[in-house]
Amino acid sequence: MTTILDISYFIAILSFIIGLKYLSFPQKAKLGNLIAGIGMTVAILLTIIISFYQQTINTNLVLILIAVVLGTVIGQIMAKKAEMTKMPQLVSFFNAMGGGCALLLGIIEAQQFHEANNRMAEVVLIAAMIIGAISFTGSFVAYYKLGGKEVPANRSLVLVLSRITLLFLIVIPVLVSYSFLDLSLAQEVLVLASIALVYGIVFVIPIGGADMPVVISLLNSLTGMATALAGIMFHNLLMISGGILVGSAGILLTLLMCKAMNRSLWNVLSGKFKKSGGINSANGEELDIKTITIGELSTQLAFANKVAIIPGYGLAVAQAQHLCAQLDAILEKKDVEVHYIIHPVAGRMPGHMNVLLAEADVSYDKLKEMDDVNHEMKSYDLVIVIGANDVVNPAAENDSSSPIYGMPIIKAYEAKQVVVIKRGMSKGYAGVENNLFGVPNCRMLFTDAKVALNEINNELKRIS
Amino acid sequence: MLEFIHGNQASIYFIILSIFLGIEIISNVPAILHTPLMSGANAIHGVILAGAIIVMQQVPADDYLNLTLGFIAVLMGTLNISGGFFVTGRILSMFSAKKATK
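Top to bottom, those sequences are chains A and B. Position one of the first sequence corresponds to residue 23 (the working numbering), numbered consecutively onward. Position one of the second sequence corresponds to residue 6 (the working numbering), numbered consecutively onward.
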């Protein structure tokens with residue numbers, strides 16, 4: 023019987039590898055997800071069946087079955103109901119579930135640990151539990167922050183607390199290892215679990231809203247590591263491989279996101295920006311702001327040949343992605359070429375903006391990556407910036423005192439004409455003035471993105 | 006420590022290779038697929054459920070506290086897996102749906 027389990031684990035591991043690989047190709051991604059899902063289902067079902075093969079049916083089995091059925095159904099309902107703008111929250115919620123599972127696993131296992139006197143094995147258990155706990159509370163804080171809620175907290179207190187808790191998490195296991203501290207494994211695990219839960223909270227609190235893509239992939243990767251460590255504890259190759267694959271892939275994605283913002287991981291985690299010289303506020307007064315009306319913009323759109331839309335998170339907040347797609351369709355009928363230029367960190371999780379636009383039925387080949395179009399920016403007659411700010415700020419290129427200096431940006435200012443749809447002159451996440459608003463070929467349209475797009479669409483329909 | 010390494014040699018090789026494989030697999034992902042990839046990877050680490058099931062099976066039937074904890078652990082693990090795969094499927098279906106209409 024265990025041979026069957028081993029074979030099913032082998033197949034499941036293969037399905038994870040193939041599934042993840044296929045997820046890198048637009049045409050095969052759906053198949054990849056299916057393959058990984060089937061592999062997972064088979065492996066889990068066989069684990070349940072075989073672990074109870076020798077025993078009679080008991081409470082434990084019944085409880086497991088109830089939990090599995092309940093979990094599957096709830097998970098499916100949650101996945102079906104969530105709006106696409108809330109996708110990042112959902113992913114961090116499910117991530118929290120994985121972390122919580124690792125945490126509870128460690129707590130239960132600590133009470134019935136067999137490998138007595140094997141400190142190394144105990145350390146593996148503790149590490150899996152700690153990482154799981156951090157990921158658990160960390161993901162929940164991320165969940166709240168993604169929902170736009172600020173967690174009220176004293177910044178310096180949080181920073182001190184996070185240093186202290188981290189120190190305890192490292193020192194306590196060392197003290198116990200060398201018998202300076204007399205705790206049973208179960209006690210040690212409970213103490214460390216409580217500290218790790220606090221650490222998870224104070225670890226994510228100082229991280230800013232725009233850095234969320236980095237944090238989500240980091241937390242995802244952490245849960246993967248916890249899974250892998252738990253796999254070592256149980257000598258379970260399926261858990262090791264699944265965990266490590268996610269862990270290493272997650273770290274890579276995390277670093278990719280950091281690179282797109284030109285910030286180090288450390289910088290993001292400590293919630294700091296490079297110190298700016300305070301020159302920006304002075305610059306703000308000198309910006310020569312010129313506005314444009316809906317009518318003028320509509321006319322310009324109707325007579326343009328090539329138009330680009332640069333969407334940011336503001337577009338998602340205003341729920342305007344569908345109107346954006348409508349505009350796109352109207353312009354298409356007038357033989358205007360429309361592209362979307364998407365910055366790698368637009369949105370609240372990696373690739374978030376692509377998903378939102380896909381939901382609104384925007385064709386895949388209209389979505390352009392920043393690096394692909396930056397060199398041909400001059401060929402666009404009109405660029406509309408909706409809900410994006412820092413990612414189009416030329417200060418990143420020409421103002422070395424700016425905190426965002428060096429960040430790769432979309433060179434919107436090089437287009438023949440730029441229109442920024444924005445509610446007011448508020449600053450972007452980085453808190454710097456956007457010099458783009460002052461360049462000669464830039465016009466501002468101060469209104470809500472949804473209202474503006476709606477009126478433009480009506481206007482365009484009238485013109486035709 | 007050396008003893009531990011010696012006893013787990015195969016696992017350690019396995020881990021090292023898996024790390025490189027993980028990096029290799031996603032190194033060329035287009036930005037458009039970042040979200041489904043992350044969400045898919047998110048589902049895969051739900052495999053920790055296997056551990057929860059193994060632990061749960063060892064809990065004595067009259068140890069109600071640990072049975073409860075184990076129940077929650079299994080529930081959480083399953084949520085992670087099912088939610089993760091279903092969400093990924095939903096995201097991907099939006100990509101392909103409009104391709105069919107084209």
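Just so it is clear, CB atoms sit at the ideal spot from N, CA and C, and this is done for glycine as well.
The Cβ of residue 98 of chain A sits closer than 8 Å to at least one Cβ of chain B. Put simply, the segment 333 to 352 of chain A does not touch the segment 16 to 35 of chain B. Fewer than three CB pairs are less than 8 Å apart. Checking the DSSP bridge columns, you'll see residue 362 of chain A partnered with A:331, A:389. Of the candidates A:172, A:310, A:264, A:174, A:264 places its Cα closest to the Cα of residue 52 of chain B.
Taking all protein chains shown into account, residue 11 of chain B has fewer than 16 neighbouring C-beta atoms within 10 Å of its C-beta and is therefore exposed. Taking the Cα positions, residue 177 of chain A is about 10 Å away from residue 183 of chain A. At least 8 Å separates the beta-carbon of residue 113 of chain A from that of residue 34 of chain B.
In the DSSP assignment, residue 43 of chain B falls outside any beta strand (DSSP E) and lies within the alpha helix (DSSP H) extending over 39 to 49. Residue pairing by DSSP puts residue 467 of chain A in a beta bridge opposite A:443. Counting only residues of its own chain and dropping the five nearest sequence neighbours on each side, residue 324 of chain A has a CB closer than 7 Å to the CB of 356, 482, 485. Of the candidates B:89, B:86, B:96, B:75, the residue whose Cα lies closest to the Cα of residue 128 of chain A is B:75. Of all alpha-carbon atoms in A:167, A:315, A:208, the one lying nearest the alpha-carbon of residue 111 of chain A is that of A:167. By the beta-carbon neighbour count (other beta carbons within 10 angstroms, threshold 16), residue 38 of chain A is buried. Nearest neighbour of residue 448 of chain A by Cα position, chosen from A:51, A:439, A:459, A:54, turns out to be A:459. Unbroken alpha helix (DSSP H) stretches of 4 residues or longer found wholly inside the segment 233 to 272 of chain A: 234 to 256, given in chain order. With fewer than 16 other Cβ atoms inside 10 Å of its own Cβ, residue 200 of chain A counts as exposed. Sorting A:132, A:331, A:219 by C-alpha distance to the C-alpha of residue 364 of chain A places A:331 at the top. In terms of beta-carbon proximity, residue 14 of chain B stays away from the interface with chain A, with every pair separated by 8 Å or more.
At a cut-off of 8 Å between C-beta atoms, residue 11 of chain B does not count as an interface residue with respect to chain A. The segment 146 to 162 of chain A makes contact with the segment 218 to 230 of chain A; the number of CB pairs closer than 8 Å reaches 3 or more. In the assembly as shown, residue 233 of chain A is a buried residue. Its beta-carbon has 16 or more other beta-carbons within 10 Å.
Residue range 109 to 133 is occupied by the alpha helix (DSSP H) that includes residue 129 of chain A. Per DSSP, reduced to three states, the secondary structure at residue 84 of chain B is helical.
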